[in-house]
Amino acid sequence: MPKYTVPDFAALRGKQKIVMLTAYDYAGAVMAEAAGVDLILVGDSLGMVVLGYESTVFVTMQDMIHHTRAVKRGARESFIVVDMPFGSVQTGLTDALRNAVHLIKETGADAVKIEGGEEVVEIIRHLSQSGIPVVGHVGLTPQTAVNLGGFKVQGKTVQDAQQILRDAQAVADAGAFMVVLEAIPAPLAQKITERLNIPTIGIGAGPHLDGQVLVYHDVLGFFDRFTPKFVKQYAQMSKLGTEALQQFVREVRTGVFPGPEHSFSMKEEVLSRLY
Ligand SMILES: Nc1nc(=O)c2c([nH]1)NC[C@@H]1CN(c3ccc(C(=O)N[C@@H](CCC(=O)O)C(=O)O)cc3)CN21
Ligand SMILES: CC(C)C(=O)C(=O)O
Ligand SMILES: [Mg+2]
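Residue numbers for the sequence shown follow the UniProt record's numbering, beginning at 1 and rising by one.
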């Protein structure tokens, strides 16, 4: 059993900020758990930061299963949320439930996350009532970003902001136990957080939420293709890694590596008997 269960997150509201971080593999999950994050998200952002796609829409159920299994092996004690990839919920309630059950059974994840507002409430209700903990995700929904003008801040007009408020409320009413608010103005996220009775987790949504989530590769500076304004890099791993690898290349070429401390010796009497 993980350290937390579903009701624990509601209990944290107003007491302690909830910290969520993405992870996509064994090593990342080990570090996330050692750092003490409250829960791990195996995000479909893996398509971009790990697999190099231009968007998250190409990520498959198999991708999510493969990576979530690795995360689970690295973070046995953590509550794990897995993103339902694009296409895994769009083909009907039966498919959505089958895919959610499949994800959880194959990976040992604790909950699934589904992008969308009012248009996905039936799916959220169906899964929740079937016993699957569901996290909602409203505001900027990367799987359908092509309809939103790209990876852009959402909810800047009265109409758009009102819709996001309705979306968040609808997702909570449908049984989601937590909701991610992505790339919306801070005051809108604050209003939503005040209205809802489930924890809100923000990414690019300001400080007035119950918790925060960022992408692992952004936090550590492993991803340089773009850096959203809401990202804070706590390390510059791409730079550090490239410099370290350059030194490796240099040392092999100059014969500095491997040194005697990296090599295995052999008894002279053994060597002398070889012919
Ligand atoms: N590495 C990474 N981090 C993320 O947070 C992330 C992904 N990938 N992939 C999936 C989505 C896409 N996300 C993003 C990506 C970029 C912006 C961004 O930079 N938006 C700016 C520029 C918009 C513009 O071009 O005008 C903004 O001000 O909204 C926002 C969300 C968040 N998610
Ligand atoms: C950015 C978070 C919320 C996400 O959905 C992902 O990493 O895929
Ligand atoms: Mg995602």
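Beta carbons are placed, not taken as given, at the ideal position from N, Cα and C, and that holds for glycine.
Being a predicted model, the structure only gives us computed values, none of them experimental.
Given residue i, which residues of its chain have a CB within under 6 Å of its CB, disregarding the five upstream and five downstream residues?
i, result
"glycine 202", "Leu181, Ala189, Leu209 and Gln212"
"valine 37", "Val19 and Leu21"
"methionine 237", "Leu220, Gly221 and Phe222"
"glutamate 268", "none"
In chain order, what residues of the same chain lie with their CB nearer than 8 Å to the CB of residue i, ignoring the 5 residues before and after it?
i, result
"isoleucine 198", "Ala10, Ala172, Ala176, Phe177, Met178 and Val179"
"glutamate 54", "Met48"
"valine 231", "Leu214, Val215, Asp218 and Val219"
Run through DSSP, which three-state label would residue i get?
i, result
"aspartate 167", "helix"
"valine 179", "strand"
"glutamate 115", "strand"
"leucine 214", "strand"
"isoleucine 192", "helix"
"threonine 91", "coil"
"methionine 61", "helix"
"methionine 20", "strand"
"leucine 148", "coil"
"isoleucine 123", "helix"
"histidine 137", "strand"
Looking only at its chain, what residues have a beta carbon closer than 7 Å to the beta carbon of residue i, apart from the 5 residues adjacent to it on each side?
i, result
"histidine 67", "Tyr24, Asp25, Val42 and Leu46"
"valine 57", "Phe86 and Gln143"
"isoleucine 65", "Leu103, Glu106 and Thr107"
Among the options, which residue has its Cα nearest to the Cα of residue i?
i, options, result
"methionine 48", "Ser130, Asp63 and Asp38", "Asp63"
"histidine 126", "Gly92, Leu103 and His137", "Gly92"
"isoleucine 132", "Gly149, Glu119, Val153 and Leu103", "Leu103"
"lysine 3", "Gln247, Asp110, Tyr234 and Arg69", "Asp110"
"valine 135", "Phe248, Val121, Ala145 and Val146", "Val121"
"lysine 113", "Val89, Val153 and Pro260", "Val89"
Between residue i and residue j, is the Cβ-Cβ spacing less than 9 Å?
i, j, result
"valine 30", "alanine 100", "no"
"aspartate 228", "glycine 206", "Before going on, a small fix: residue 228 reads as proline here, not aspartate. Contact: no."
"phenylalanine 79", "leucine 39", "yes"
"glutamate 77", "glutamate 115", "no"
"glycine 117", "alanine 168", "yes"
"leucine 165", "isoleucine 124", "no"
Worksheet item: With distances taken from each beta carbon to the nearest heavy atom of ligand 2, which residues come in below 7 Å, in chain order?
Response: Thr22, Leu41, Gly43, Asp44, Ser45, Thr56, Asp83, Lys113, His137, Pro142, Val180, Glu182, Ile203, Val213 and Val215
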